[in-house]
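Contents: one structure, followed by commentary.
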């Protein structure tokens, strides 16, 4: 699936930078024909590394002079409305004819991200027939009630103007006993790294990377509807398996218990680990209406029997959900990865937490100012 990626605000821009990094690092081509970073803060745009300057759009200069909106999503929304003409002109100049879907990325607790993403998502839906998805990063409870209120307002607006929303909850992924920088860097990798193979799988051009069952754009479009979460699990071949047949020294390297599994059993175990392990946001995946599974790895590790068993297991796990699955062979790799997307969910605990905090924020503001209303 070829994506038009749009990063909004500080978090959105950094994640967009990381999407581009992994896209290049993993050797994918033509997956990101369009990438745009939008911000009200000039310093945040300057801090980006891989996004060309021509694809960094500073908005609201006449209003906030490049200093951001100070956590005010209403100001962010007004600026986005005023900049829609520039936004549309940028897209027309860059061209969207190669884009299969749009993916907007933002931390929905801040002012620019939460304020602008519903405006630009709605603008895309009004003009283009391609699906519009969002990757929404939920604030942790440590980020305060104001950020929770911003996220609550944003989520309510997004549900009406998007085709699907990937949720990633910072509350679950913040690192213990780590610096703030380390924690956020790890979270950013956990957000982006699993998703790149999903969108790249259907765009493989070399015969060695085309799976037996390819996940293409139509599979993704049918499987991403409404609230969505994802999980993944990784495994790497032991050096013994990698070097076997090349050197006797390889015999000194011991297999792990996972190495010793038959390929079909290993594939099923990896899928089960991805589905029942730590997900991007907390929900009951068994309630999902749709599930999409991608297994990536060396061709010798991609067992057809294991893929079939994994699909049957997922159908039972989701209680008859609509399950699609595919493989993505990568020659000369020691890594194997399973990504599972659960979509069409109704209850996400992170959103319930945010709504409770947002309610407390409104009550607190009303006590200090009886005339206060949450507009």
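Numbering (our numbering), first residue to last: 1 to 375.
Note that beta-carbon positions come from the ideal geometry of N, C-alpha and C, so glycine has one too.
Per the coordinates, the alpha-carbon of residue 344 lies some 32 Å from the alpha-carbon of residue 363. When DSSP states are grouped into helix, strand and coil, residue 76 belongs to the helix group. Residue 296 is positioned such that its CB atom lies closer than 8 Å to that of residue 197. Here residue 324 is bridged, per DSSP, to 292. In the structure shown, residue 67 adopts extended strand secondary structure according to DSSP, grouped into three states.
Bounds of the alpha helix (DSSP H) holding residue 265 are 263–276. Counting only the Cα atoms, residue 55 lies some 11 Å from residue 13. Residue range 226–236 is occupied by the beta strand (DSSP E) that includes residue 226. Runs of the alpha helix (DSSP H) lying entirely within the segment 105–176, each at least 4 residues long, are 111–127, 145–158 and 170–173 in chain order. For residue 283, the number of other beta carbons within 10 angstroms of its own is at least 16, and it is reported as buried.
Sixteen is the threshold: when 16 or more other Cβ atoms of the shown chains lie within 10 Å of the Cβ of residue 131, as they do, the residue is buried. Looking at the backbone, the Cα of residue 94 and that of residue 316 are separated by about 45 Å. Secondary structure of residue 212 (DSSP, three-state): coil.
Collapsing the DSSP output to three states places residue 260 in coil.
Residue 77 counts as buried, since at least 16 other C-beta atoms from the protein chains shown sit within 10 angstroms of its C-beta. The criterion of a C-beta distance shorter than 8 Å is satisfied by residue 104 and residue 121.
Under the DSSP assignment, residue 337 falls in the beta strand (DSSP E) whose first and last residues are 335–343.
Put simply, the backbone Cα of residue 126 is about 51 Å away from that of residue 261.
Within 10 angstroms of the beta-carbon of residue 10 lie 16 or more other beta-carbons, which makes it buried.
From the listed residues 74, 302, 45 and 278, the smallest Cα separation to residue 157 is found for 74.
Annotated three-state conformation of residue 37 is strand, per DSSP. Looking at the DSSP output, residue 283 sits in a beta bridge with 348.
Here residue 6 is bridged, per DSSP, to 36 and 104. Each residue's CA atom was taken as its position, placing residue 194 and residue 97 some 26 Å apart.
Contact between the segment 341–360 and the segment 275–282 is established, with three or more Cβ pairs separated by less than 8 Å.
Shown here for residue 169: same chain residues with a beta carbon closer than 6 Å to its own, the five before and five after excluded, namely 138, 281 and 350 in chain order. With contacts defined by Cβ atoms closer than 8 Å, residue 190 and residue 18 do not form a contacting pair. Take the alpha-carbon of residue 161 and the one of residue 237: they are about 43 Å apart. Counting along the chain, residue 57 sits inside the beta strand (DSSP E) bounded by residues 56–58.
Of the candidates 298, 42, 109 and 355, 298 places its Cα closest to the Cα of residue 333. For residue 195, the enclosing alpha helix (DSSP H) has its first and last residue at 195–200.
With fewer than 16 other beta carbons inside 10 angstroms of its own, residue 352 counts as exposed. Going by beta carbons, residue 57 and residue 35 fall outside the 8 Å limit. In this structure, DSSP gives residue 329 an extended state, which the three-state scheme calls strand. In terms of CA proximity to residue 172, 348 leads the group 369, 114, 348 and 359. Counting only the Cα atoms, residue 15 lies some 11 Å from residue 50.
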